[in-house]
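Here's the structure, in structure tokens; my notes come after.
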Amino acid sequence: MKTSPFRTTPSAPQARAVRPGRAALWLPSALLLLPLLAGCGEAGGLVGAGPTPTASGPVHLWPDRRPASVPPADPGGAPPEYVQGIPPVREQNVHEVDPLALVQAEVRTHPDAFSGADGMPAQTAAAITACGKEGQDAARCPVLTPYYRDLTGNSKDELIVGIELPDRMMSVRVYTADPDGRLNRIMATTQTVISVELAGRDVILRVPSGNNGYELITAWSWDEKQRSMLPTREQIVRVPANPQTPVSPSPEPREPGEPDEPLTPSVLSTP
Numbered sequence: 003m004k005t006s007p008f009r010t011t012p013s014a015p016q017a018r019a020v021r022p023g024r025a026a027l028w029l030p031s032a033l034l035l036l037p038l039l040a041g042c043g044e045a046g047g048l049v050g051a052g053p054t055p056t057a058s059g060p061v062h063l064w065p066d067r068r069p070a071s072v073p074p075a076d077p078g079g080a081p082p083e084y085v086q087g088i089p090p091v092r093e094q095n096v097h098e099v100d101p102l103a104l105v106q107a108e109v110r111t112h113p114d115a116f117s118g119a120d121g122m123p124a125q126t127a128a129a130i131t132a133c134g135k136e137g138q139d140a141a142r143c144p145v146l147t148p149y150y151r152d153l154t155g156n157s158k159d160e161l162i163v164g165i166e167l168p169d170r171m172m173s174v175r176v177y178t179a180d181p182d183g184r185l186n187r188i189m190a191t192t193q194t195v196i197s198v199e200l201a202g203r204d205v206i207l208r209v210p211s212g213n214n215g216y217e218l219i220t221a222w223s224w225d226e227k228q229r230s231m232l233p234t235r236e237q238i239v240r241v242p243a244n245p246q247t248p249v250s251p252s253p254e255p256r257e258p259g260e261p262d263e264p265l266t267p268s269v270l271s272t273p
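Just add 2 to wherever you are in the sequence shown, counting from 1, and you've got the working numbering.
As structure tokens, this is what we get:
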């Protein structure tokens, strides 16, 4: 019997190949998933983080209440002040300045200042005046080792000076040089200081907060509008009630000629 080529009866395997059904629908989906599965298996691939909580904004309580008026904020820092009696520096290089001579010039300019940015006890002012003179113990000078850091963002270092005062108080001052080379004091604050640190272009002061078990951390930053360093961020931090003070082991005997232990660094941290 003669058969038509267009009516050929397929064999069983061929019938499964052309038969539409689940297999035909499953194959494209599987092919689409293959690249995703391969990518997730490689190092650095995407990993599921689980369900994400729904974000919710703050709820304004008593929205109809009339708010209190807020007066303009006081900048809070000392106004910039040019230092009298110090010659200009070249190329705004504060490294040329003798920090002790700088503080002594300020003491001469404000001899009777007992409060404010220049205020200090008479005995401290006398000790500063005596610093560097013959017969004076350099370790008793209240002016600490200076530090340098670009705090204004002009690629020029500023000079950071610390002055020890009685009762663990400290005066922290920062100086910069203007384009004419004149020394300008852009920060001056006197507080009971736990520590002073440099972080980026900020001067960080840690002081007692007045509440037992807490301390206040204040970041002083350069303010372009005020042309001075201002306290820009404050944080009250809880300190341990019973801090564990490590017990130092007894020093071992040193061999003859072996150097002593290094001195404790000054209050300002190394930049």
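Think of the CB as a built atom: it goes at the ideal place given N, C-alpha and C, for glycine as much as any other residue.
Between which two residues does the alpha helix (DSSP H) harbouring PRO101 extend? Numbered from its first residue, the sequence shown carries residue 101 at position 99. Looking at the DSSP string, the run of the alpha helix (DSSP H) that includes PRO101 is 101-111.
State buried or exposed for ILE188, treating a residue as buried only when at least 16 other CB atoms are found within 10 Å of its CB. For this step, residue 188 is matched to residue 186 along the sequence shown. Classification of ILE188: buried, given that the 10 Å Cβ count is 16 or more.
Whose C-alpha, out of ARG229, SER230, ARG151, THR192, is nearest the C-alpha of ARG203? The count along the sequence shown starts at 1 and reaches residue 203 at position 201. With distances taken between Cα atoms, ARG203 lies closest to ARG151.
Tell me the residue span of the alpha helix (DSSP H) that contains ALA132. Here residue 132 corresponds to residue number 130 of the sequence shown, with the count starting at 1. Unbroken alpha helix (DSSP H) run through ALA132: 124-132.
Give me the Cα-Cα distance between GLN138 and THR131, rounded to the nearest whole angstrom. Counting from one through the sequence shown, the residue named residue 138 turns up at place 136. Counting from one through the sequence shown, the residue named residue 131 turns up at place 129. Between GLN138 and THR131, the C-alpha separation is close to 11 Å.
Among ARG92, SER71, SER117, ASP159, whose alpha-carbon lies nearest the alpha-carbon of ALA80? Start at 1 with the first residue of the sequence shown, and residue 80 comes out as number 78. Answer by Cα proximity: SER117.
By how many angstroms is the C-alpha of GLY155 removed from the C-alpha of GLU136? Position 134 of the sequence shown, counted from the start, is the residue given in the question as residue 136. Position 153 of the sequence shown, counted from the start, is the residue given in the question as residue 155. Each residue's Cα considered, the two are about 40 Å apart.
Please report how far the alpha carbon of LEU167 lies from the alpha carbon of GLU108, in whole angstroms. Counting from one through the sequence shown, the residue named residue 167 turns up at place 165. Counting from one through the sequence shown, the residue named residue 108 turns up at place 106. Spanning the two alpha carbons is a distance of roughly 16 Å.
Alpha carbon of PRO144 to alpha carbon of MET172, nearest angstrom: As a first step, residue 144 must be located in the sequence shown, where it is residue number 142. As a first step, residue 172 must be located in the sequence shown, where it is residue number 170. Rounded to whole angstroms, PRO144 to MET172 spans 9 Å at the Cα level.
Does the Cβ of ALA160 have 16 or more other Cβ atoms within 10 Å, making it buried, or fewer, making it exposed? Sequence index remark: in the sequence shown, residue 160 carries index 158 (1-based). For the sequence presented, residue 160 should be read as Glu rather than Ala. Label assigned to GLU160: buried.
Residue nearest to ALA179 in terms of C-alpha spacing, selected from ARG110, GLY52, GLN94: Position 177 of the sequence shown, counted from the start, is the residue given in the question as residue 179. Among ARG110, GLY52, GLN94, the Cα nearest to that of ALA179 is on GLN94.
Give the straight-line distance between the Cα atoms of THR191 and HIS97, rounded to the nearest whole angstrom. Translated into the one-based positions of the sequence shown, residue 191 becomes position 189. Translated into the one-based positions of the sequence shown, residue 97 becomes position 95. Near 22 Å, if we compare the C-alpha coordinates of HIS97 and THR191.
If the criterion is Cβ atoms closer than 7 Å, does the pair GLY183 and PRO90 meet it? Here residue 183 corresponds to residue number 181 of the sequence shown, with the count starting at 1. Here residue 90 corresponds to residue number 88 of the sequence shown, with the count starting at 1. The answer is yes: Cβ separation under 7 Å.
CYS200 versus ILE206: straight-line alpha-carbon distance, rounded: Looking up residue 200 in the sequence shown gives position 198. Looking up residue 206 in the sequence shown gives position 204. In the sequence as displayed, the identity of residue 200 is Leu instead of Cys. LEU200 and ILE206: Cα-Cα distance of roughly 6 Å.
Go through its chain and collect everything with a Cβ distance to VAL241's Cβ below 7 Å, but skip five positions before and after it. Residue numbering aside, residue 241 sits at position 239 when the sequence shown is read from its first letter. Excluding positions up to five away in sequence, the list reads GLY215, TYR216, GLU217.
Check for me: the beta strand (DSSP E) holding TRP224 runs from which residue to which? As a first step, residue 224 must be located in the sequence shown, where it is residue number 222. Element bounds for TRP224: 216-225.
Using a 10 Å radius around the Cβ and a threshold of 16 neighbouring Cβ atoms, would you call ASP100 buried or exposed? Against the sequence shown, residue 100 aligns to sequence position 98. Exposed, since its Cβ has fewer than 16 Cβ neighbours within 10 Å.
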